[in-house]
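Structure first, then comments.
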Amino acid sequence: MRYNGALITHSALFQSWWTKLATEFKDNSSVIFDINNEPHAITPAQAGVNGISAAGATKQLILVFGTS
């Protein structure tokens, strides 16, 4: 995942990015968070889910990629 031209390659930064984004939309139940194509060089998509949840975005759908 790229942000400001740089790759996010650490799960803590990935989580932080999703927390910031989810904070903007946490009160909008029409938003769907899609982390299907992310992360680029990070394995734990759970960091994205954790970031979204940490923002208080609990009414939105979160799409996460599968392994099978």
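For the sequence shown, our numbering begins at 12 and goes up steadily by one. For each residue, glycine too, the CB sits at the ideal point set by N, CA and C.
Item                                                                                                              : Value
Gln57 versus Tyr14 - alpha carbon distance                                                                        : 19 Å
Within 8 Å, strictly: CB atoms of Ile73 and Val60                                                                 : yes
Close-in-space but distant-in-sequence residues of the same chain around Phe81 (CB under 6 Å, 5 per side omitted) : This structure does not reach residue 81, given that the chain is present from 12 up to 79, and the question cannot be answered.
Assigned secondary structure, Phe25 (DSSP; H/G/I helix, E/B strand, else coil)                                    : helix
Environment of Phe76 [buried if 16+ CB atoms lie within 10 Å]                                                     : exposed
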